[in-house]
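Beneath this line is the structure, given in structure tokens, with notes to follow.
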Amino acid sequence: MRVFVAGGTGAIGGHAIEALLEAGHTVTALARTREKAATLTGQGATPVMVSLFDRAELAGALAGHDAAVNLATAIPPMSRFMSTRAMRDNYRVRAEGSAALVDAALAAGVGRVVQESVCMLYRDQGARWIGEDGPVDRYPMTRGNFAAEAGAHRFTESGGGAGVVLRLGWFLGPGAAHSEQLLAQARRHVGMVLGRPDGYVSSIHLADAATAVAAALDAPAGTYNVVDDEPLTKREYADALARAAGTRMWLRGPGRAACLLGDRLTSLTRSLRVSNTRFRESTGWSPRYPSAREGWLATAQTLLT
Ligand SMILES: NC(=O)c1ccc[n+]([C@@H]2O[C@H](COP(=O)([O-])OP(=O)(O)OC[C@H]3O[C@@H](n4cnc5c(N)ncnc54)[C@H](OP(=O)(O)O)[C@@H]3O)[C@@H](O)[C@H]2O)c1
Numbered sequence: 050m051r052v053f054v055a056g057g058t059g060a061i062g063g064h065a066i067e068a069l070l071e072a073g074h075t076v077t078a079l080a081r082t083r084e085k086a087a088t089l090t091g092q093g094a095t096p097v098m099v100s101l102f103d104r105a106e107l108a109g110a111l112a113g114h115d116a117a118v119n120l121a122t123a124i125p126p127m128s129r130f131m132s133t134r135a136m137r138d139n140y141r142v143r144a145e146g147s148a149a150l151v152d153a154a155l156a157a158g159v160g161r162v163v164q165e166s167v168c169m170l171y172r173d174q175g176a177r178w179i180g181e182d183g184p185v186d187r188y189p190m191t192r193g194n195f196a197a198e199a200g201a202h203r204f205t206e207s208g209g210g211a212g213v214v215l216r217l218g219w220f221l222g223p224g225a226a227h228s229e230q231l232l233a234q235a236r237r238h239v240g241m242v243l244g245r246p247d248g249y250v251s252s253i254h255l256a257d258a259a260t261a262v263a264a265a266l267d268a269p270a271g272t273y274n275v276v277d278d279e280p281l282t283k284r285e286y287a288d289a290l291a292r293a294a295g296t297r298m299w300l301r302g303p304g305r306a307a308c309l310l311g312d313r314l315t316s317l318t319r320s321l322r323v324s325n326t327r328f329r330e331s332t333g334w335s336p337r338y339p340s341a342r343e344g345w346l347a348t349a350q351t352l353l354t
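Sequential numbering from 50 applies to the sequence shown in this note's numbering.
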């Protein structure tokens, strides 16, 4: 297939471009700077410098492609998670950028749109497994994700082709800024546990998120959770991180106290035991790292050696 990628220069994007090329696709990717364009060329993709907000430019760039993949986000680093301005920028990319890409894909006759989203938009379900039809929660941080998902569904409904939404778990792996920070903290014997220690976290290694993007090119239209096989409790997750870092945690926190920070952080404080069954059964995809235990070991091996 000829695949156009927006956000191909980011944390997940770099892995996704490689996975798409490895699967035999021809890849064009949006670049915003010459440096990023050169990186894309080095990977084997063709860079195009167009604006994500300019429908006409995008439609021109999309002409002749079979699929458009949207991985563009402007999620702030964890230190700026509470910043309204930073979240506004992210909302613009997710809402306006995704809508423009869908309009352009329709105008250019592209047959498929794959839209990245997150599984943190489900409601806290305690220890219950969460499928794609589980109840969602429209708190402020998720507005952009819901808007982006709506774009993909609009693409399907308009008869343009298949719109596929991938609700990704909490990233881990080299290149994911927050997971590099967590590993560095663990080396200093500090473990982060956000929310109840017996609450669940559903994670995905970036390399597995990338193969899921490639697998999504054959998925029927719809919404899919892309997480590893075994969500861990937050306590188990912190232990897995400590083991991978080769340390013991002397300090763990902030635990339940993090809930006091309100709904900007609830994406991370809630308990999410998310199931990947629908995506596995629809595409045959399976994660290389079945849980954060293996994911963290591989990440530490890359980052610490
Ligand atoms: N599920 C999760 O856990 C999750 C999800 C998302 C993000 N994160 C965290 O946030 C970080 C971001 O990961 P990510 O891959 O989603 O994001 P990222 O590494 O920040 O990459 C975002 C991508 O979107 C592009 N982009 C941003 N603004 C754009 C705009 N206005 N127009 C066109 N393209 C634009 C970026 O282009 P440039 O390269 O030109 O900037 C880049 O290609 C990770 O390091 C991770 O820590 C976590």
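C-beta: ideal position from N, C-alpha, C; glycine also.
With a threshold of 6 Å on Cβ separation, who are the neighbours of residue i within its own chain once the five nearest residues in sequence on each side are excluded?
i	result
Y286	V250, A341
A94	I66, V76, A78
M169	S316
T351	P223
H114	R51, F53, V159
P272	The sequence given here places Thr at residue 272; Pro does not occur at that position. Hits under 6 Å: E181, V214.
D186	R172
G209	L155
Taking buried to mean at least 16 other C-beta atoms within 10 Å of its own C-beta, is residue i buried or exposed?
i	result
E330	exposed
S252	buried
S228	buried
W178	exposed
D247	exposed
R207	Note that residue 207 corresponds to Ser in the displayed sequence, not to Arg. Classification of S207: exposed, given that the 10 Å Cβ count is below 16.
R297	exposed
G193	buried
L19	Within the shown structure, residues of the chain are numbered from 50 to 354, placing residue 19 beyond reach of any answer.
D182	exposed
W269	What sits at residue 269 in the sequence shown is Pro, not Trp. P269 comes out exposed.
G218	buried
G333	exposed
R337	exposed
T58	buried
A87	exposed
G73	exposed
R245	buried
Mind reading off the beta-carbon distance from residue i to residue j? Whole number of angstroms is fine, and I expect it under 8 Å.
i	j	result
L232	A294	6 Å
V163	V262	6 Å
A157	A112	5 Å
A154	F204	6 Å
R143	A197	5 Å
S147	G200	4 Å
R327	G180	7 Å
M190	M241	Not confirmed; about 18 Å, so no contact.
Could you tell me whether the Cβ atoms of residue i and residue j are closer together than 7 Å?
i	j	result
L243	L317	yes
D277	P184	no
L107	P96	no
A225	A349	no
D173	S320	yes
E71	F102	no
M98	A80	yes
A176	A235	no
A289	W345	yes
R104	D152	yes
For residue i, which residues in the same chain have their Cβ closer than 7 Å to its Cβ, ignoring the five residues on either side in sequence?
i	result
T315	Y188
H202	G212
G62	V54, G56, L120
E279	P339, S340
S100	E106
R237	none
Among the residues of its own chain, which have a CB less than 8 Å from the CB of residue i, if the five just before and after it don't count?
i	result
A116	M50, R51, V52, F53, V159, G160, R161, V162, V163, L266
H64	G222, G224, L255, A256, A258, A259
Y140	R192, G193, A196
R284	V242, P246, D247
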